[in-house]
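Protein sequences appear in the order of chains A and B.
Going by my numbering, the first residue of the first sequence is number 1105, and it counts up by one from there.
Going by my numbering, the first residue of the second sequence is number 3, and it counts up by one from there.
Working notes, structure below.
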Amino acid sequence: MKEKSKLNQFTAHDLSGLIKDKKIESADILSSIEGRIKDIDPGIKAYVRREDSSSNTPQSEPALKNGILQGIPVSLKDNICTKGNNTECCSMILKGFKPPYNATVVKRLIDAGARILGLKCNMDEFAFGSSTENSSFGPTCNPWDRQRVVGGSSGGCAAAVAADEAVIALGSDTGGSIRQPASFCGVVGLKPTYGRVSRFGLIAFASSLDQIGPITKDVRDAAVALKVIAGLDALDSTSLNLPVPDYTKSLGNDIKGIRIGIPREYFVEGIDEEVKKVVLTAVDKLRDLGARVSQISLPHTEYAVPVYYIIATAEASSNLARFDGVQYGLRVEDKEGIPGNRLINMYKATRGQGFGQEAKRRIILGTYVLSYGYYEAYYLRAQKVRTLIKQDFDRAFDSLDCIITPTSPTVAFKLGERVKDPLKMYLSDIYTISANLAGIPAISIPCGFSKENLPVGMQILAKSFNEEMLFRVAYTYEQNTDWHLRKPMIG
Amino acid sequence: MYESVIGLEVHVQLNTATKLFCGCSTEFGSQPNSQACEICLGLPGCLPVLNQKAFVYALKVAMALGCRIREFTKFDRKNYFYPDLPKNYQISQYDLPLAEEGFLDIDINGRSKRVNIKRVHLEEDAGKLIHSQGSSLVDLNRTGIPLLEIVSSPDINSSQEAYEYLNSLKQIIQYLGVSSCDMEKGILRCDANISIKKKEDSKLGTKTELKNMNSFRGVRDALDFEIKRQLKLLESKESIAQETRLWDEEKQMTYPMRTKEEAQDYRYFPEPDLPPFTIDSKMQEEIRKTIPELPQQKMKRFREDWGVPAGRANILASSIELADFSEKCFNLYAKAENITNWICGPLLSEMNNRKQDINQINITPKNFVDLIIFFDQGKLSNLNTKNALAAMIDSGKEPGIIIQEKNLSQISDSVKLDEIVSQVIKDNPKSVNDYLQGKENAVMFLVGQVMRKSKSKANPKMVREILLKKLKKA
Chain A
1105 MKEKSKLNQF
1115 TAHDLSGLIK
1125 DKKIESADIL
1135 SSIEGRIKDI
1145 DPGIKAYVRR
1155 EDSSSNTPQS
1165 EPALKNGILQ
1175 GIPVSLKDNI
1185 CTKGNNTECC
1195 SMILKGFKPP
1205 YNATVVKRLI
1215 DAGARILGLK
1225 CNMDEFAFGS
1235 STENSSFGPT
1245 CNPWDRQRVV
1255 GGSSGGCAAA
1265 VAADEAVIAL
1275 GSDTGGSIRQ
1285 PASFCGVVGL
1295 KPTYGRVSRF
1305 GLIAFASSLD
1315 QIGPITKDVR
1325 DAAVALKVIA
1335 GLDALDSTSL
1345 NLPVPDYTKS
1355 LGNDIKGIRI
1365 GIPREYFVEG
1375 IDEEVKKVVL
1385 TAVDKLRDLG
1395 ARVSQISLPH
1405 TEYAVPVYYI
1415 IATAEASSNL
1425 ARFDGVQYGL
1435 RVEDKEGIPG
1445 NRLINMYKAT
1455 RGQGFGQEAK
1465 RRIILGTYVL
1475 SYGYYEAYYL
1485 RAQKVRTLIK
1495 QDFDRAFDSL
1505 DCIITPTSPT
1515 VAFKLGERVK
1525 DPLKMYLSDI
1535 YTISANLAGI
1545 PAISIPCGFS
1555 KENLPVGMQI
1565 LAKSFNEEML
1575 FRVAYTYEQN
1585 TDWHLRKPMI
1595 G
Chain B
3 MYESVIGLEV
13 HVQLNTATKL
23 FCGCSTEFGS
33 QPNSQACEIC
43 LGLPGCLPVL
53 NQKAFVYALK
63 VAMALGCRIR
73 EFTKFDRKNY
83 FYPDLPKNYQ
93 ISQYDLPLAE
103 EGFLDIDING
113 RSKRVNIKRV
123 HLEEDAGKLI
133 HSQGSSLVDL
143 NRTGIPLLEI
153 VSSPDINSSQ
163 EAYEYLNSLK
173 QIIQYLGVSS
183 CDMEKGILRC
193 DANISIKKKE
203 DSKLGTKTEL
213 KNMNSFRGVR
223 DALDFEIKRQ
233 LKLLESKESI
243 AQETRLWDEE
253 KQMTYPMRTK
263 EEAQDYRYFP
273 EPDLPPFTID
283 SKMQEEIRKT
293 IPELPQQKMK
303 RFREDWGVPA
313 GRANILASSI
323 ELADFSEKCF
333 NLYAKAENIT
343 NWICGPLLSE
353 MNNRKQDINQ
363 INITPKNFVD
373 LIIFFDQGKL
383 SNLNTKNALA
393 AMIDSGKEPG
403 IIIQEKNLSQ
413 ISDSVKLDEI
423 VSQVIKDNPK
433 SVNDYLQGKE
443 NAVMFLVGQV
453 MRKSKSKANP
463 KMVREILLKK
473 LKKA
């Protein structure tokens, strides 16, 4: 192997082949990745740099000799717990928090021979955001255009994979947090079915919506990663006891007769004309490859965003209640002379300083929708509409194999452009939220570029626990296009 | 005529080996925070996993209380900030408790009264705060211990009824073997709602909530105090404040708890980390099969099948262990009345003296019954039967062996007895004279002397007969 310094550009499955053939060692990949991070990350900031530098070194020696991910480095979003290694959700309030346990996905990666990177990927604080601008470490820049956002909340993961600073990254997706940044960065992002992957060790945002998934350079890597992390976990009661198929077997170059639905509600006002054109061109390509494409309707689509912001914030307000300064993380002591209960004052001071603006906004919103007299009007009604949205999909999948939409209505927007307008920011997830509400799997794959050379993502959705369909369609598309091979110029 | 209207809210820790949502031990009295894992600590990323056993225990109690079991139930989060609650929410049950609409029949002066049970639900216990020297310490060993909440309807009309309700409830739960219900240790906790109204009024009065009672007696005393306090206010036409009051055991009075700034809004919503579950009829049947005969039925059967008087039946059924012991004895020896007398008298007093219950005390039903048979056959005097009982408990030996070893066998040999009686008559001329003068009591003394001389082994009935015969001759 001549150019070991370029190993960072390879996919995991290519690297696995090289390791198996003894052409390279795991350490070669790691040093290549580390070199790349050193070279370009100061300009991208995909990874967070903490004062505590001990947490920046790679974790875990490879366990097995012939694991599926033997010797492959994996990068993690800052909300996935690694034992003894800072996991802070890019929030001030969790500063210095070192979990005494590994997330189940981390355990499974290690068991499969993967090397867990000590550096963690940047994210919106507690995954609250769509641009990775709500991080206490500052924003990550888009490798395709550093004036632009990477999307979010798993923006650090997407940027790291796109900029070849990572081979595989695991993010989390509550309303599009894997798919939308993958789309903005021109990489593959998968949100598995709710219950497919254990949430143990994922610091919760909205428990009924959160799901961990891979961000990768191509579809095969996503299939390999999912196989490793999926399956029942005794530590997560919401994980399902269903067999985990070998997803790589779905990677055949054949979609003849596959029935694809295009929901008209996703191509109306608000969508960027360029994005629309690129995605519809991709659909044409799939038709050319033998798929049967039809227009469909998902009538409750317009309610997805409001329903999501009620349910997700309600759960978040409760999930984040534990960050109170009592046990761990930041504590701001009560100042002398302030009237009132010392304990309450400590709570207020800690949470006042520890949470960023968007976190506070969501906690307040979630507290409000659950409060006495409003619960029925907001939370309960939102749950009912959530069921309707789910039923839309159930009905659609009676006669369809998958549904295709744009991943986001626009390409990556400019840094700072939407910071002052939360509603506009919330709308960047308008196409991704429904999959979380319905619990179904969805993948975003690169399907073209805008005139300004910014990647456009295509989202494929299938029914629950049918990730195989996603891989089949996505892989076939990938085999017949080369968008995924384009790399951003970073200099 | 005023009437008090009382509802009780009881919390019972279930005695599962591990906690409700993690594998930590529930053992009482360990080093602070030695039984608190990351789930107890509420560390981020940790998730609850339901202890199936606690769930089954809860269902047992609900079934024993005649509740309707919900086929579909779920957990909810009760949100409030407090340092003994690491997640700042408690996993509890809100609108779909696992059981509703049960009842408990209590005995009030020989009459049965039904108290309805509103709901039974399962939740996690909170930790403990220890305040000392201006700082507060948190012990999370208790966090996550399964807690069963049992809420009665306001059907209780006196402190005595409340007391009986608690006793009956405790007895049932102990029969099920799912909790010790020890209130002094905080394993059972009880809050009471109480209001007073004129008997003829249908509208309820303003209620107060009583907390901080540490024993059943405390509950009774607190209610008595509160009834008097409220009556006094009503009679002087003062208004009763709706408030929470704390019982002060030492001062024997209630006082208002520091009022909260505003009413708590717990913002209940379904716990998303635990999927809802169904309790199908098959599961219900399986659990129902494991429920033993309960105290009420047991007492009834003791009365009807074995002719045990009501008061005695209550004693025998006071614990499932004693009831089982009694029943085993009955089955070995059908003279239930004799057995009952020996259990309620000498055996219980031995247990009290030794501070042991029937499980701890060293005697088998077989040995106990054999002892009673020796007595009934006249082979042992009453006193020596008691002595033998004590010796049996000390050693665990059979009564036959004890009698032999201690030479306790009753003397029913008339020749031998004749000898002793003659000697006693000879030694006590004054008493003989008293008797002959018409003092009947003197016989008792003389019998006593014979017993003493025989080391309590003489058959008292025969002694009396021989003595009277001889005295008549004198």
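Even for Gly, the Cβ is constructed at its ideal location relative to N, Cα and C.
Excluding sequence positions up to five away, which residues of its chain have a Cβ less than 6 angstroms from the Cβ of residue i?
i, result
"L235/B", "I242"
"L1122/A", "I1128"
"Q1583/A", "N1357"
"T1585/A", "none"
"G1299/A", "T1342, S1343, L1344"
"T342/B", "V310, R314"
"V1577/A", "I1359, C1506, I1564"
"D127/B", "R144, I147, L149"
"G1171/A", "A1216, G1217"
Check whether chain B comes within 7 angstroms of residue i, counting only Cβ atoms and requiring the distance to be less than that.
i, result
"A1453/A", "no"
"A1425/A", "yes"
"D1182/A", "no"
"L1306/A", "yes"
"C1185/A", "yes"
"D1277/A", "no"
"L1474/A", "yes"
"S1311/A", "yes"
"S1554/A", "no"
In three-state terms, what does DSSP make of residue i?
i, result
"G1340/A", "According to the sequence as given, residue 1340/A is Asp; it is not Gly. The answer is coil: DSSP assigns D1340/A none of H, G, I, E or B."
"A390/B", "helix"
"F1569/A", "coil"
"P46/B", "coil"
"E186/B", "coil"
"V426/B", "helix"
"C69/B", "coil"
"M1450/A", "helix"
"E263/B", "Confidence at E263/B is low in this model, with a pLDDT of 47, below 50, so the placement of that residue should be treated as unreliable; the coordinate-derived value is given next. The answer is coil: DSSP assigns E263/B none of H, G, I, E or B."
"M1227/A", "coil"
Would you please state the rounded distance, in angstroms, between the beta carbons of residue i and residue j? I believe it to be under 8 angstroms.
i, j, result
"P1318/A", "A1334/A", "Incorrect: roughly 10 angstroms between the Cβ atoms, too far for contact."
"V1560/A", "V1379/A", "5 angstroms"
"Y167/B", "V117/B", "6 angstroms"
"G1305/A", "A1395/A", "Actually they are not in contact, since the Cβ atoms of G1305/A and A1395/A sit about 38 angstroms apart, beyond 8 angstroms."
"D1496/A", "P1349/A", "That pair is no contact at about 26 angstroms."
"W249/B", "N214/B", "5 angstroms"
"L1492/A", "Y1483/A", "Actually they are not in contact, since the Cβ atoms of L1492/A and Y1483/A sit about 15 angstroms apart, beyond 8 angstroms."
"K115/B", "V153/B", "No, K115/B and V153/B are not in contact; Cβ-Cβ is about 18 angstroms, not under 8 angstroms."
For chain A, check one thing: does any of its Cβ atoms lie closer than 7 angstroms to the Cβ of residue i?
i, result
"N118/B", "no"
"F271/B", "yes"
"I34/B", "It is Pro, not Ile, that sits at residue 34/B in the sequence shown. So, not an interface residue."
"R144/B", "no"
"P148/B", "no"
"P277/B", "yes"
"N81/B", "yes"
By Cβ distance, which residues of its chain are closer than 8 angstroms to residue i, with the 5 residues on each side in sequence left out?
i, result
"K205/B", "K199"
"A390/B", "L373, F376, L382, P401, I404, I405, K408, L410"
"Y1407/A", "V1489, L1492, I1493"
Considering only heavy atoms of the ligand MN, does any lie closer than 6 angstroms to the CB of residue i?
i, result
"I1537/A", "The ligand MN is not part of this structure, which contains no ligands at all."
Cβ contact check for the segment 333 to 353 of chain B and the segment 370 to 377 of chain B: 3 or more pairs under 8 angstroms: Here the segment 333 to 353 of chain B makes contact with the segment 370 to 377 of chain B; the two share three or more CB pairs at distances below 8 angstroms.
Chain C contacts made by the segment 1410 to 1444 of chain A, where a contact means CB separation under 7 angstroms: The displayed structure is made up of protein chains A and B, and chain C is not among them.
At least three beta-carbon pairs within less than 8 angstroms, the segment 1220 to 1236 of chain A to the segment 1186 to 1196 of chain A: Segment contact: the segment 1220 to 1236 of chain A against the segment 1186 to 1196 of chain A, three or more CB-CB distances shorter than 8 angstroms; contact assigned.
Any 3 or more C-beta pairs closer than 8 angstroms across the segment 1255 to 1266 of chain A and the segment 1139 to 1152 of chain A: Using a Cβ-Cβ distance cut-off of 8 angstroms, the segment 1255 to 1266 of chain A and the segment 1139 to 1152 of chain A are in contact, since at least three pairs of beta carbons, one from each stretch, lie closer than that value.
Cβ pair count under 8 angstroms reaching 3, the segment 69 to 79 of chain B against the segment 278 to 297 of chain B: These segments touch.
Inter-stretch contact (C-beta, 8 angstroms, three-pair minimum) for the segment 1243 to 1254 of chain A and the segment 1274 to 1282 of chain A: No: fewer than three Cβ pairs fall under 8 angstroms.
Cβ contact check for the segment 1197 to 1214 of chain A and the segment 1283 to 1297 of chain A: 3 or more pairs under 8 angstroms: Result no; under three Cβ-Cβ pairs closer than 8 angstroms.
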